[in-house]
Every structure is written in structure tokens, then in C-alpha cells.
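Top line first, the protein sequences correspond to chains A and B. Going by the numbering used here, the first residue of the first sequence is number 1, and it counts up by one from there. Going by the numbering used here, the first residue of the second sequence is number 1001, and it counts up by one from there. Here is the structure we will look at, set down as C-alpha cells.
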Amino acid sequence: MPHSTSSRIHRHTLNARICHWVMALSFFYLLYSGVMIFLHFPELYWGKVGFQGYPAIFKLEDWGISWEQAERLGDRRWGRNYHYLFAWVFLINGMVYLLWNGWRRSFYQKMFPKLSELSLKNMKTELVTRLRFWNKKDLNYTGYNLIQKLIYLFILFILFPFMILSGVAQMPAFTAISPELIDLFGGRQTARTLHVVCSVLLVIFVVIHLAQVLMIGAVSQIRAMITGGYFVTQDGDKSQQ
Amino acid sequence: MKKSRFLNQVNPLTLSRRDMIKRVGALSGVLLTGCDNEFYKPPVIRGGLMGVADVLTMASQRSLMSNEQLVQEHDFREITKNFPVWNQSDPEDEEYQRLKINNYEDWVLPVTGMVNNPISVSLSDLKKMPRRAQTTMHICEQGWSAIAEWTGTPLLSVIQAAGGIKPEAKYVMINAYGGWYECYDMFDVAHPQTILAYGMNGKELPLGNGAPVRLRVERHCGYKQLKFIKSIEVVSSVEQYGRGTGGINSDFGFHWYAGA
């Protein structure tokens, strides 16, 4: 083994780590409780109205799970209670994250791509590099690469607000508070459908995210998200210490 | 059916309305301070984090609301054909079955409790009171929604016909045939679109949708829209009813505040 000096790299700030784990917990419960609610009404519709017998755009029945089977699997009383509880955890956590970071320049430097990064040529090379993600030589231990930045920004500032708003647009109180919001989505049932579609996108992200963590090294990656950093040897290989 | 759309005006409800505004005005100054403020929180708060979430949900939504805001009313062309029938569709209750045979001619609605002048209202009395028709969306907590036109008497008019509420009154408890019951705070009771509906889509309220009279409390989920109404009682606290949470749905672990 060649002699190598390892140095500790500080990767994740304290607030990012705390908010990450609170979000991970609330995401898990939001997803689980959301599925429990959905199973009690396993159809999706488009427009303002929709009910059993109305033309559906998605039926779980078509995927081999009958309405009765789905109903037995679901539990919307438990689901509703936990969905609301963790929606609040998620929302407050998100606000804490934004307030804690919003005034820091380092946050923008870390999360937002530089203009130079956004050239078409660079984006193409980045994409090709990132698709070879099993090549450890390409890993960047200090900051986020362009693709990471774009995906994180998309999730933070587009998908998350969309999830919150499409959730809110399903609430009867908002037929009085802001019917415009419901109309913006194209109706109550469309909001519900898009809420589900968006949650599927988030699940896909989480699956890829976890697969990457496993590929790069689950122990060091998870440790980094808890302690804030990891050790990198001179030649660029992560040490396992 | 067409005519009913021109009768949307609720009568000016000066006395009780002023009382309402005073009440709501006094409450609106406080938000989430844990003060005794029923405008922002359910009558009985669950323990632990669930209770915290319940109060956050209700307080945040209520802080965005005024009773002048009406829920969205839809065009009559958007009325749903085959409006779903959910939960009980024909109460087995003996008394109810007797009333049904006689086409509800003997149905009377007692309005009792903390009102100044308890009364009993027959179906024909109810139809002579101020009338309101509204085409609104019914949103079930399960996930479905459908649109119908409802015709009925504002709940506030009925409470006023009973002489208005006493100062210590806080909730209106509505009982239904088949054992269902729910209570509502005065903010929802005073809302112009909160009606005791006896008509649906220009016809008599059908059996499955709660004949002869059901409640429309538009800013809430379907499970708060009680069908088969039996009696109304104005109360100052809810603990002595059912399991003591202020409604059959919250008794079984659903949210008391169903603005969602």
C-alpha cells in the first residue's frame, strides 16, 4: 500500500445535515401515509370532478390490484393523520433550511451553477461524465457537480413547492380561501393526480440517490451526512477510515 | 330550478351577525398563542404532536379566512350526473323509516339548547324561511369530488328563528338519524353558504343524499356534511356527547376540523 496522507474534507454544513435527516424522515412518512390514503381510493381523474364510476385516467385495478384488495391494504385514518403531521414537519423544516441558508453567500455558491457551467458544451460533457457514474475518478468530493446542482435546485424550488401547492389545492377550505389556486391546477382532481405524479418523480429521485450512495460507498457517504465530512487520500481515493 | 338561482341572497342578519363579527373580531387578534380561542382550534385537542398539527392546520387556514369569502360556485352545466352516494344511504332507524313512508310530512327539526327561544321546525316551515341555492363542489376526504346544486335555509336563519344564541354558546351540535352527529363552531354556522339543504339539482333531496334535509358546510370535507338531519342543539362544550371529541368522525380518529 502506498503511503498516502489523507485529509478531511468538510462537505455538508450543520444545517444541511440536520434538515436533510428531518426531511428524510418526513419524506418517508409522507410517502407511506400518502400510499395508505391512496389505497382507499385507488383511481386518478382529470379535471374538477371524479368518483368511482367516473372515467378515470389511472386505475390500480388495471395493474392487478382490485379496489377491495387495495382498500384492505390501505388505512386512510392513520394515513391522513400522519400525512398532515409530517406535512407540517416537512414545511417547517423547509422554511428553517431556507431561512438558515438564504442569507449565506456560500449557499448560492454551493447550490447554484456558475454561468460558465451552463454552456451547452459543458452541459453535454457533464452529462456524459455523470452517466459513467461507476468511474470513481470522476467523483468530486468537495462540491456539487452541475447535474447535481440542477437536480437539487429542481427538487428544492420546483418539485417541493409543487407538492405543497397541489396538496393545498385539494383542501376544501381553499375553495373559499383561494379558488384561483385550484383553477390554476385545472381542477381539484387534476391537482390530486399531479400530486401523485410528482410524488412518483420524487420517489425516482430517492431511488437513484440511494443507489448512488450505495455505489460510492454507503458507510462513508452516510457518515459524511452525519459528521459533515470525509477523509480523502492524496490520490483521490476515499479512505475507509 | 332556474328561479332558485336568483334567490341567492341571505337576508340581512343584523343582530346575530353583529354578535358574530364581535366574536370573530375578538378572536382574530390572537394566533397560536395557546390562549382560550376556539376560532383557531378544535374543541378538544388531541395529545402529542397530532394535536399540535391539528391546531397548526386549523389556525393557519382560519387566519386566511373571513366569513365574507364564499366558496367557489360553479356553472349549472358543470353539475355532476350520478352524484355518488356514500356512507349510510337509508338509515335503519325505526323513526326514520316511519317518516320516510309518510314522505317526511311528520319530520320536525327541534332547535334546542342554548338558544333564547327553542323551536321545532317542520319541513314546510323550513322552506318558508330565507332560501339560498348554491352550486358547489363536494370534496370527500377519500379523494373524490362532485358538483351539485343545493337549495336550503341558512343555518344561521334557523338559529335566529330560535331567538339567537345565549352568550355562553360555542358550538352547534347536529344530530342525524343513524347515530351520526357533528358539532360546528359559530364561524362555520354564520357562513352564508352553511345551509340546511332540502333540494338538490332543483329537485327534492334524494334519499341517498340525505333526505329530507342535510347540512352543507362548504369549507369542509364530505364527512362534515351530515345527511338525514334529526335535531339541532346549541351547546357550550362537547365533552358530554359521544366519545367527547365533538363529532362522530373525530370520535373515530379523523380530524375534527375538516377544512383538510
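Where is the CB? At the ideal position from N, CA and C, for every residue including glycine.
In terms of DSSP beta bridges, what is Asn1175(B) paired with?
Residue 1175(B) sits at position 175 when you count from the first residue of the second sequence. For Asn1175(B), DSSP records a beta bridge to Tyr1181(B) and Ser1231(B).
Give me the chain A residues within the contact set of Ile1139(B), using Cβ-Cβ distance strictly less than 9 Å, ordered along the chain.
The count along the second sequence starts at 1 and reaches residue 1139(B) at position 139. Those within 9 Å of Ile1139(B) in chain A are Gln170, Met171, Pro172, Thr175 and Arg188.
Just checking: is the beta-carbon of Gln1061(B) within a distance shorter than 9 Å of some beta-carbon in chain A?
As a first step, residue 1061(B) must be located in the second sequence, where it is residue number 61. It does; some Cβ of chain A falls within 9 Å.
Do Ala1260(B) and Val1139(B) have their beta-carbon atoms positioned less than 9 Å apart in this structure?
Working through the second sequence from its first residue, we reach residue 1139(B) at position 139. Working through the second sequence from its first residue, we reach residue 1260(B) at position 260. A quick correction: the sequence has Ile, not Val, at residue 1139(B). Between Ile1139(B) and Ala1260(B), the C-beta spacing is below 9 Å.
Short Cβ contact (9 Å threshold) for Val1052(B) with Ala176(A)
In the second sequence, residue 1052(B) corresponds to position 52, counting from 1. In the first sequence, residue 176(A) corresponds to position 176, counting from 1. Cβ distance not < 9 Å, so Val1052(B) and Ala176(A) don't count as in contact.
Roughly how many angstroms lie between the CA atoms of Val89(A) and Pro55(A), to the nearest whole one?
As a working note, residue 89(A) is residue 89 in the first sequence. As a working note, residue 55(A) is residue 55 in the first sequence. So the alpha carbons of these two residues sit roughly 35 Å apart.
Quick check: the Cα distance between Met1186(B) and Phe1228(B), rounded to an integer number of angstroms?
By one-based count along the second sequence, residue 1186(B) stands at place 186. By one-based count along the second sequence, residue 1228(B) stands at place 228. Their Cα atoms are separated by approximately 21 Å.
Put Gly1029(B) into one of helix, strand or coil per three-state DSSP.
Along the second sequence, one-based indexing puts residue 1029(B) at 29. Confidence is the limiting factor: at Gly1029(B) the pLDDT is only 43, short of 50, which leaves the residue's position unreliable, though a coordinate-based value still follows. In the structure shown, Gly1029(B) sits in coil (DSSP, three-state: anything other than H, G, I, E or B).
Phe107(A) versus His209(A) - alpha carbon distance
Within the first sequence, residue 107(A) is the residue found at index 107, counting from 1. Within the first sequence, residue 209(A) is the residue found at index 209, counting from 1. If I take the Cα positions, the gap works out to 21 Å.
Within the 9 Å Cβ cut-off, does Val49(A) reach chain B?
Counted from its first residue, the first sequence places residue 49(A) at position 49. Yes, Val49(A) lies at the interface with chain B (some Cβ there is under 9 Å from its Cβ).
Please confirm whether Gly1034(B) has its beta-carbon closer than 9 Å to some beta-carbon of chain A.
On the second sequence, position 34 is the one that residue 1034(B) refers to. Caution is warranted here: a pLDDT of 46 is assigned to Gly1034(B), below 50, making its placement in the model unreliable, and no coordinate value can be reported.
Would the segment 29 to 43 of chain A count as touching the segment 77 to 97 of chain A if we require 3 or more Cβ pairs under 8 Å?
Flag = yes, the segment 29 to 43 of chain A and the segment 77 to 97 of chain A touch.
Using 9 Å as the limit for Cβ to Cβ distance, is Leu1027(B) near chain A?
Stepping through the second sequence from its first residue, residue 1027(B) is reached at position 27. Annotation note: pLDDT 42 at Leu1027(B) (below 50); position unreliable, coordinate value reported separately. So, not an interface residue.
What does the Cβ neighbour count give for Arg1023(B), buried or exposed, with the cut at 16 atoms within 10 Å?
What you label residue 1023(B) is simply residue 23 of the second sequence in a count that begins at 1. With a pLDDT of only 42 at Arg1023(B), under 50, the local geometry of the prediction cannot be trusted, and no value is derived from it.
So is the beta-carbon of Thr1112(B) under 8 Å away from any non-hydrogen atom of the ligand SAM?
You won't find the ligand SAM in this model; it holds no ligand whatsoever.
Between Met1186(B) and chain A, is there a C-beta pair that is closer than 9 Å?
The sequence position of residue 1186(B) within the second sequence is 186, counting from 1. Met1186(B) does not count as touching chain A.
Please name the residues in the segment 1130 to 1158 of chain B whose beta-carbon is closer than 7 Å to at least one beta-carbon of chain A, in chain order.
Close to chain A, meaning a Cβ-Cβ distance shorter than 7 Å, are the following residues of the segment 1130 to 1158 of chain B: Met1137, Ile1139, Glu1141, Gln1142, Gly1143, Trp1144, Ser1145, Ala1146 and Ile1147.
Is it true that the CB of Arg1214(B) sits closer than 9 Å to the CB of Thr1194(B)?
Along the second sequence, one-based indexing puts residue 1194(B) at 194. Along the second sequence, one-based indexing puts residue 1214(B) at 214. Against a cut-off of 9 Å, the Cβ pair of Arg1214(B) and Thr1194(B) comes out as no contact.
From the DSSP output, in three-state form, read off Ser1237(B) for me.
For the purposes of this step, residue 1237(B) is taken as residue 237 along the second sequence, with counting starting at 1. In the structure shown, Ser1237(B) sits in coil (DSSP, three-state: anything other than H, G, I, E or B).
Using a C-beta cutoff of 9 Å, does Leu165(A) count as contacting chain B?
As a position in the first sequence, residue 165(A) is number 165, starting the count at 1. Taking 9 Å as the CB threshold, Leu165(A) stays off the interface with chain B.
Candidates Leu1123(B), Met1065(B) and Ser1145(B): which alpha carbon is nearest Asn1102(B)'s?
Here residue 1102(B) is taken as the residue at index 102 of the second sequence, counted from 1. Taking the Cα of Asn1102(B) as reference, the smallest distance to any Cα among Leu1123(B), Met1065(B) and Ser1145(B) is reached at Leu1123(B).
Met1065(B) versus chain A: which residues are under 8 Å apart at the beta carbon?
Taking the second sequence and counting its residues from 1, the one referred to as residue 1065(B) is at position 65. Chain-order list of chain A residues neighbouring Met1065(B): Ala173, Ala176 and Ile177, by C-beta distance under 8 Å.
Minimum Cβ-Cβ distance from Arg72(A) to chain B less than 9 Å
Translated into positions along the first sequence, residue 72(A) becomes position 72. Arg72(A) does not count as touching chain B.
Within 8 Å of chain A by C-beta, residues of the segment 1209 to 1230 of chain B in sequence order
Only those residues of the segment 1209 to 1230 of chain B whose C-beta falls short of 8 Å from the nearest C-beta of chain A are listed: Glu1218, Arg1219, His1220 and Cys1221.
Going by DSSP, what residues sit across from Gly1247(B) in a beta bridge?
Within the second sequence, the letter at position 247 stands for residue 1247(B). Gly1247(B) is bridged to Glu1182(B).
With distances taken from CA atoms, which of Asn1249(B), Thr1245(B) and Ala1258(B) is nearest Ile1045(B)?
Looking up residue 1045(B) in the second sequence gives position 45. Minimum Cα distance to Ile1045(B) is reached at Thr1245(B).
Let me know the alpha helix (DSSP H) ranges lying completely inside the segment 158 to 211 of chain A, each 4 residues or longer, listed in chain order.
Segments of the alpha helix (DSSP H) lying fully in the segment 158 to 211 of chain A: 160 to 168, 174 to 177 and 179 to 185.
Could you tell me which chain B residues have their CB closer than 8 Å to the CB of His195(A), listed as they occur along the chain?
By 1-based counting over the first sequence, the position of residue 195(A) is 195. Those do not exist, as His195(A) stays about 10 Å from chain B at its closest Cβ, beyond 8 Å.
With Val1234(B) and Met1129(B) assumed to form a contact (beta carbons below 8 Å), what rounded beta-carbon distance in angstroms separates them?
Your numbering for residue 1234(B) matches position 234 in the second sequence. Your numbering for residue 1129(B) matches position 129 in the second sequence. Cβ-Cβ separation between Val1234(B) and Met1129(B): approximately 17 Å, too far for a contact (criterion under 8 Å).
Quick test of the definition: if touching needs 3 or more C-beta pairs under 8 Å, does the segment 144 to 155 of chain A touch the segment 114 to 130 of chain A?
Short answer: they touch.
Which value, in whole angstroms, describes the spacing of the CA atoms of Ala1133(B) and Leu1226(B)?
On the second sequence, residue 1133(B) is found 133 positions in, with the first residue counted as 1. On the second sequence, residue 1226(B) is found 226 positions in, with the first residue counted as 1. Between the C-alpha atoms of Ala1133(B) and Leu1226(B) there is a straight-line separation of about 18 Å.
Count the CB pairs spanning the segment 35 to 48 of chain A and the segment 181 to 190 of chain A that are closer than 8 Å, and state whether there are at least three.
For the pair of segments examined, the segment 35 to 48 of chain A was found to touch the segment 181 to 190 of chain A: the number of CB pairs separated by less than 8 Å reaches three.
Are the Cβ atoms of Pro1154(B) and Leu1196(B) separated by less than 9 Å?
Against the second sequence, residue 1154(B) aligns to sequence position 154. Against the second sequence, residue 1196(B) aligns to sequence position 196. Cβ distance < 9 Å, so Pro1154(B) and Leu1196(B) count as in contact.
For Phe162(A), I'd like the list of residues in its chain whose CB is within less than 6 Å of its CB, leaving aside the five on either flank, ordered along the chain.
For the purposes of this step, residue 162(A) is taken as the residue at position 162 of the first sequence. So the list reads Cys198, once near-sequence residues are dropped.
Do the CB positions of Ala87(A) and His40(A) come within less than 9 Å of each other?
Working through the first sequence from its first residue, we reach residue 87(A) at position 87. Working through the first sequence from its first residue, we reach residue 40(A) at position 40. The Cβ atoms of Ala87(A) and His40(A) lie no closer than 9 Å to each other.
Could one say the Cβ of Val1024(B) lies closer than 9 Å to chain A's Cβ atoms, at least one of them?
Your numbering for residue 1024(B) matches position 24 in the second sequence. Because Val1024(B) carries a pLDDT of 47, less than 50, the predicted location of this residue cannot be relied on, and no value is offered for it.
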